[in-house]
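Following: one structure in C-alpha cells, then a few remarks.
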Ligand code: SAH
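Following this line, the structure appears as C-alpha cells:
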C-alpha cells in the first residue's frame, strides 16, 4: 500500500481500482491508515503550514422544501421547531464574528422559499459593504444560474454545494423527491462558471453507500477540481427515515479525507462538525488527516440547537465562535494555530 500512497502523493491521481484497494486497506489495517494520514498531513503542511483557517457559520433558517432522507431539516419532519433569522440578526452575527476575528462568513440554510433573490441580494451587498476584507460564502442549496450570478455580483465569493453522491442511483435513493444528480451537478457547474470558489463533498457511511461509491466520489472530485471539499460521517437523526441506520465510521471518514488531500493538494478541506460530533477528538483527527479549515458556529445561541441536521450536533465549546480560545488550545496541543486571514483558494 505504501507504493500506492506515494504514487498518489507524487501524481495526485490513482485509478479507480487502486483507490478502492487503498480505502479497503486503510480501514482494515491501522499501519496503512497511519501512513496515508501522515502523507496527507505532509502535503497539507507544504501548502498551508501549521495554520488552520476559521470560518464563521451562520445558519440563516431551518425551513426546507427538500426531503432528503438523511437530514433533520427535511420538510416531512413535523417535529422540527422551525426558525428564520431576520436580516438584522444576520448582520449582528457578522458584527460579532468580525469582532472575534473571522474574515469569512458562511451563510447556510435549508432551501427556504422565502430566501428569494429580493431577500438575499440586499443582505449580501450589505455584508460586502460593511466588511470589504471578509469573504462571503453561501450554502443555500440549488438555485437558478441567474440567481447564482446575481449573488456573485452582490459580493459572494464562495459557494458550498456538496454533490452528496456521485453515483446517480445512490443519489436518487437518498433524494427520492429531489431533482436528481444531473441537476445537482449542473448547479455546481453554474457556480463554477459564475466565478465562485466552489465546495463539493459527501457524507461517509450513509445508507447504501459502498467503498465503490466513495471511489466514484473521489473520481468526480478529481474531475471537477473544486476549491473546497466537505466530508463528514453520516449521523442518524431520530426524526428521519434513516433514524436506525448506523453512523459512518471514523476510519473510513479519515481515510477519505486523507485521500482527498492527496488528490487535491491545494483544496480547502474542513474538519467538519459532523466529525467533531462523532467523537470528541474528531476535529483534531480531521486535521491530522489533512484537513485545514474549521467552521465554528456563529449563529445566535437561541437557534443553534434547532439547526439539527443530525442528532446532538456540536455547536458549543471549540465548535462555537465564542469558544475560539478553546479551539486555539486544541490546535496548540497538536502543534497548530488559528490562521485569521481570509484563506482563499490558492494554487
Ligand atoms: N441546504 C443546503 C445546506 C445543507 S446542510 C444544501 O442543500 O446544500 C449541509 C450538509 O450537511 C449537507 O450537504 C449534507 O451533506 C450534510 N448533512 C445533512 N444531514 C446530515 C446527516 N444526517 N449526517 C451528516 N451530515 C449531514
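Residue numbers (my numbering): 55 to 401. Idealized CB from N, CA, C, for every residue including glycine. Quantities reported herein were computed from a predicted structural model and do not represent experimental measurements.
_Which residue wins for smallest C-alpha separation from residue 189, given the options 386, 155 and 279?_
Along the chain shown, read from residue 1 onward, the residue named residue 189 stands at position 135. When only C-alpha atoms are compared, the closest one is 155.
_Can you look up residue 336 in the DSSP assignment and give me helix, strand or coil?_
As a working mapping, residue 336 is identified with position 282 in the chain shown. Reduced to three states, the DSSP call for residue 336 is helix.
*asked:* If the criterion is Cβ atoms closer than 8 Å, does the pair residue 373 and residue 327 meet it?
replied: Position 319 of the chain shown, counting from 1, holds the residue named residue 373. Position 273 of the chain shown, counting from 1, holds the residue named residue 327. Yes; because the gap between Cβ atoms is below 8 Å, this pair is in contact.
*asked:* Using only Cβ atoms and a threshold of 6 Å, which residues come within that distance of a heavy atom of the ligand SAH? Order them by chain position.
replied: 124, 125, 162, 164, 165, 193, 195, 215, 216, 218, 257, 286, 288, 289, 291, 328, 363 and 364
*Check each candidate in 263, 398, 270 and 348 and name the one with the smallest Cα separation from residue 392.*
Along the chain shown, read from residue 1 onward, the residue named residue 392 stands at position 338. Looking at the Cα atoms, 348 is the closest of the given residues.
*asked:* Within a Cβ cutoff of 8 Å, which residues of the same chain sit near residue 143, ignoring the five residues on either side of it in sequence?
replied: Looking up residue 143 in the chain shown gives position 89. 354, listed in sequence order.
*Expressed to the nearest angstrom, what Euclidean distance is found between the alpha-carbon atoms of residue 118 and residue 259?*
As a working note, residue 118 is residue 64 in the chain shown. As a working note, residue 259 is residue 205 in the chain shown. The alpha-carbon atoms of residue 118 and residue 259 are separated by roughly 23 Å.
*Using the beta-carbon count (16 or more within 10 Å), is residue 109 buried or exposed?*
Locating residue 109 in the chain shown gives position 55, counting from the first residue. Result: buried.
_Cut-off 6 Å between Cβ atoms - residues of its own chain near residue 235, not counting five sequence neighbours on either side_ = Sequence index remark: in the chain shown, residue 235 carries index 181 (1-based). Only 222 and 225 meet the Cβ criterion.
_Using a Cβ-Cβ cutoff of less than 7 Å, which residues in the same chain neighbour residue 177 once the five nearest sequence positions on both sides are dropped?_
Taking the first residue of the chain shown as 1, we reach residue 177 at position 123. Here the set comprises 141 and 144.
*Of all the options 228, 185, 245 and 200, which has the alpha carbon lying nearest to the alpha carbon of residue 214?*
Residue mapping note: residue 214 aligns to position 160 of the chain shown, counting from 1. The shortest Cα separation from residue 214 among 228, 185, 245 and 200 belongs to 245.
*If residue 291 and residue 364 are in contact, beta carbons under 8 Å, what's the gap, nearest whole angstrom?*
Against the chain shown, residue 291 aligns to sequence position 237. Against the chain shown, residue 364 aligns to sequence position 310. Right, their Cβ atoms sit about 5 Å apart.
*Assess, as a yes-or-no matter, whether the region 124-133 is touched by the region 283-297 under the definition of 3 or more beta carbon pairs within less than 8 Å.*
yes
_Close beta carbons around residue 230, own chain, < 8 Å, minus the five adjacent residues each side_ = Indexing the chain shown from 1 puts residue 230 at position 176. Correct list, in chain order: 121 and 123.
*Which residues mark the beginning and the end of the alpha helix (DSSP H) in which residue 176 is found?*
Along the chain shown, read from residue 1 onward, the residue named residue 176 stands at position 122. Run containing residue 176: 171-184, per the alpha helix (DSSP H) assignment.
_Quick check: what's the CA-CA separation for residue 184 versus residue 149?_
In the chain shown, counting from the first residue as 1, residue 184 sits at position 130. In the chain shown, counting from the first residue as 1, residue 149 sits at position 95. So the two alpha carbons sit approximately 9 Å from each other.
*Hey, which unbroken runs of the alpha helix (DSSP H) at 4 residues or more fall wholly within the region 79-157?*
84-102 and 141-154
*Name, in chain order, the residues that DSSP records as bridge partners for residue 255.*
To locate residue 255, count along the chain shown from 1; it is residue 201. Residue 255 is bridged to 284.
*Just checking my contact of residue 161 with residue 114 at CB under 8 Å: how many whole Å lie between their CB atoms?*
Looking up residue 161 in the chain shown gives position 107. Looking up residue 114 in the chain shown gives position 60. Rounded, the Cβ-Cβ distance is 6 Å, consistent with contact.
_First and last residue of the uninterrupted beta strand (DSSP E) at residue 393_ = The residue given as residue 393 occupies position 339 in the chain shown. Start and end: 391-393.
*Would residue 413 pass as a contact of residue 320 if the rule is Cβ separation under 8 Å?*
As shown, the chain starts at 55 and ends at 401. That puts residue 413 outside it, with no answer to give.
*Is residue 281 buried or exposed, if buried means 16 or more other CB atoms sit within 10 Å of its CB?*
Numbered from 1 along the chain shown, position 227 holds the residue referred to as residue 281. So residue 281 ends up on the buried side.
*Of the residues 388, 73, 323 and 212, which one's Cα is nearest the Cα of residue 194?*
Position 140 of the chain shown holds residue 194. When only C-alpha atoms are compared, the closest one is 212.
*Limits of the unbroken beta strand (DSSP E) element including residue 212*: Residue mapping note: residue 212 aligns to position 158 of the chain shown, counting from 1. Start and end: 212-214.
_Please tell me whether residue 269 and residue 77 are closer than 8 Å, where the distance is taken between their beta carbons._
Here residue 269 refers to the residue found at position 215 when the chain shown is read from its first residue. Here residue 77 refers to the residue found at position 23 when the chain shown is read from its first residue. A contact, by the Cβ cut-off of 8 Å.
*CB residue 397 to CB residue 322, shorter than 8 Å?*
Here residue 397 refers to the residue found at position 343 of the chain shown. Here residue 322 refers to the residue found at position 268 of the chain shown. Yes, Cβ-Cβ distance for residue 397 and residue 322 is below 8 Å.
*What does a CB cutoff of less than 8 Å around residue 376 pick up in its chain, not counting 5 residues either side in sequence?*
The sequence position of residue 376 within the chain shown is 322, counting from 1. Only 154 meet the Cβ criterion.
*Are the beta-carbon atoms belonging to residue 283 and residue 74 less than 8 Å from one another?*
Mapped onto the chain shown, residue 283 falls at position 229. Mapped onto the chain shown, residue 74 falls at position 20. It is not a contact, given that the beta carbons lie outside the stated cut-off.
*asked:* Am I right that residue 238 and residue 208 are in contact with their C-beta atoms under 8 Å? What's the rounded C-beta distance?
replied: Position 184 of the chain shown, counting from 1, holds the residue named residue 238. Position 154 of the chain shown, counting from 1, holds the residue named residue 208. Rounded, the Cβ-Cβ distance is 23 Å, inconsistent with contact.
*asked:* Tell me which residues share the same chain as residue 285 and place their Cβ nearer than 6 Å to its Cβ, disregarding the 5 neighbours each side in the sequence.
replied: Taking the chain shown and counting its residues from 1, the one referred to as residue 285 is at position 231. 255, 310 and 311.
*Look up residue 193 in the DSSP assignment and say whether it is helix, strand or coil.*
Counted from its first residue, the chain shown places residue 193 at position 139. Three-state result, residue 193: strand.
*Between the C-alpha atoms of residue 88 and residue 111, what's the straight-line distance to the nearest angstrom?*
Against the chain shown, residue 88 aligns to sequence position 34. Against the chain shown, residue 111 aligns to sequence position 57. Taking the straight line from one Cα to the other gives about 31 Å.
_Residue span of the alpha helix (DSSP H) that contains residue 261, given as start and end_ = Here residue 261 is taken as the residue at index 207 of the chain shown, counted from 1. No alpha helix (DSSP H) contains residue 261, which DSSP labels as neither H nor E.
_Distance CB(residue 206)-CB(residue 248) smaller than 8 Å_ = The count along the chain shown starts at 1 and reaches residue 206 at position 152. The count along the chain shown starts at 1 and reaches residue 248 at position 194. The answer is yes: Cβ separation under 8 Å.
*When the Cα of residue 340 is compared with those of 352, 313, 358 and 395, which residue comes out closest?*
The residue labelled residue 340 in the question sits at position 286 within the chain shown. That would be 313, whose Cα lies nearest to the Cα of residue 340.
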